[in-house]
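In the working numbering, the protein residues as written are 414 to 796.
Contents: one structure, followed by commentary.
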């Protein structure tokens, strides 16, 4: 009698997980879901309970989720000194074949690396931990010295989200022999014919103070300039957070209430509709820690022209002058000129939109990314 082959069990460890919205959360969720669907992995997720201070177990999309209570947060980092014991017990109970942790948000991945024992540990490294002031930058430096480097050393493989980042991060370029690239992906819309609202552009991000580096303030400032040439310019802002009031005040200051619309946090279905109606997707980030710019390829999947800053991994997402434009960070005038160029030249916008869609379809679907991840896991398990 032929024995049924046992499914490999993958434990995913991430500071935050779906339904929390963000690039890392979206990546972890879709890769895990793809591995389960395409290759039959049993998936167990260990994450923080970002909604309430209690322990919770649930099943989501066929994946078992352990949500651990947070004792406190430092910046955007959830922390509990009980997690070492909790995660060790979960590992002993679930007996995963391999663990995949996600960073740069510290602590939970570092704790897991120290209690995983002989279970192979793979680290997905989305970007360096960088903060905007001297005190937090000092904290980041100490983190790598006492925790981060040990976690990187413990990893059997390190997955970077872009080639650029793997060779430019001071923490990754010293470990190139361990690195594999699995960039973010997207789910292609069922319909590839989109009805664009004239002169509509879209920005998607969390609107927390910890995400000001995404550059929404520079984008709003640029809209003031764009309006001088295109009166009916419309910026759709998707996302919520504790910095929303500052952005709304900036809109009022520039008298852009009729041009900038905040839709808050919306469903994936609604987000797809907003991308479908937009001509341009914009990410004017000014942080070198920007790992890739997932929202740009999400826009390309809906035939949006991408405009991003020339920082971090964003140039890996945009093929300049083919499917989008790159501008200098913190330069609202350059950003305005790029937006005007695309909106004034509808033939160019259509050509770039088609090119971006083709690129995403051929290279950046979540099915392709799950396949790439499966190859890495199988290689680690074979030793």
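Backbone N, C-alpha and C define an ideal beta-carbon position, used for all residues, glycine too.
For this session: Would you list, in sequence order, the uninterrupted beta strand (DSSP E) runs of no fewer than 3 residues that lie entirely inside the region 595 to 669?
Result: 613 to 617, 647 to 651
Exercise. Where does residue 474 sit, in a helix, a strand or coil, going by DSSP?
Worked result: coil
Problem set entry | Rounded Cβ spacing between residue 623 and residue 489 (contact assumed at less than 8 angstroms) | 4 angstroms
Exercise. Exposed or buried, residue 559, counting other C-beta atoms within 10 Å across all chains shown (16 or more means buried)?
Worked result: exposed
For this session: May I ask you to report which of helix, strand or coil DSSP gives residue 556?
Result: helix
Exercise. Which residues in the same chain as residue 724 place their Cβ atom closer than 8 angstroms to its Cβ, once the five residues preceding and following it in sequence are excluded?
Worked result: 698, 699, 700, 701, 703, 742
Exercise. For residue 562, does the three-state DSSP call read helix, strand or coil?
Worked result: helix
For this session: Taking residue 461 and residue 481 to be in contact with their CB atoms under 8 angstroms, please state how far apart those CB atoms are, rounded to whole angstroms.
Result: 6 angstroms
Problem set entry | With 16 other Cβ atoms within 10 Å as the buried cut-off, status of residue 445 | buried
Exercise. Does the beta-carbon of residue 432 have 16 or more other beta-carbons within 10 angstroms, so that it is buried, or is it exposed?
Worked result: exposed
For this session: For residue 610, I'd like the list of residues in its chain whose CB is within less than 8 angstroms of its CB, leaving aside the five on either flank, ordered along the chain.
Result: 647, 690, 691, 692
Exercise. DSSP puts residue 722 in a beta bridge; with which residues?
Worked result: 740
Problem set entry | Beta-carbon spacing of residue 755, residue 639 below 8 angstroms | no
Exercise. Are there 16 or more other CB atoms within 10 angstroms of the CB of residue 758, so buried, or fewer, so exposed?
Worked result: exposed
Exercise. What is the rounded straight-line gap between the Cα of residue 509 and the Cα of residue 533?
Worked result: 9 angstroms
Exercise. Can the beta-carbon of residue 662 be found less than 8 angstroms from the beta-carbon of residue 630?
Worked result: no
Problem set entry | Assigned secondary structure, residue 417 (DSSP; H/G/I helix, E/B strand, else coil) | Unreliable placement is indicated for residue 417, whose pLDDT of 46 sits below 50; the coordinate value is still reported in the next sentence. Three-state result, residue 417: coil.
For this session: Give me the Cα-Cα distance between residue 598 and residue 665, rounded to the nearest whole angstrom.
Result: 36 angstroms
For this session: Pull up the distance between the alpha-carbon of residue 584 and that of residue 736, whole angstroms please.
Result: 31 angstroms
Problem set entry | The beta strand (DSSP E) enclosing residue 574, as first and last residue numbers | Residue 574 -> no beta strand (DSSP E), and no H or E assigned at all.
Problem set entry | CB contact flag (residue 810, residue 458, <8 angstroms) | Nothing about residue 810 can be reported from this structure: the residues present for the chain run from 414 to 796 only.
For this session: Within its chain, find whatever has a CB closer than 7 angstroms to the CB of residue 679; leave out the 5 residues flanking it on each side and keep chain order.
Result: 651
Exercise. When you compare each of 581, 729, 714 to residue 721 by their alpha carbons, which one comes out closest?
Worked result: 729
Exercise. When you compare each of 574, 739, 496 to residue 777 by their alpha carbons, which one comes out closest?
Worked result: 574
For this session: Determine the direct distance from the alpha carbon of residue 642 to that of residue 553, and round the result to whole angstroms.
Result: 43 angstroms
Exercise. Taking C-beta to C-beta, are residue 625 and residue 600 nearer than 8 angstroms?
Worked result: no
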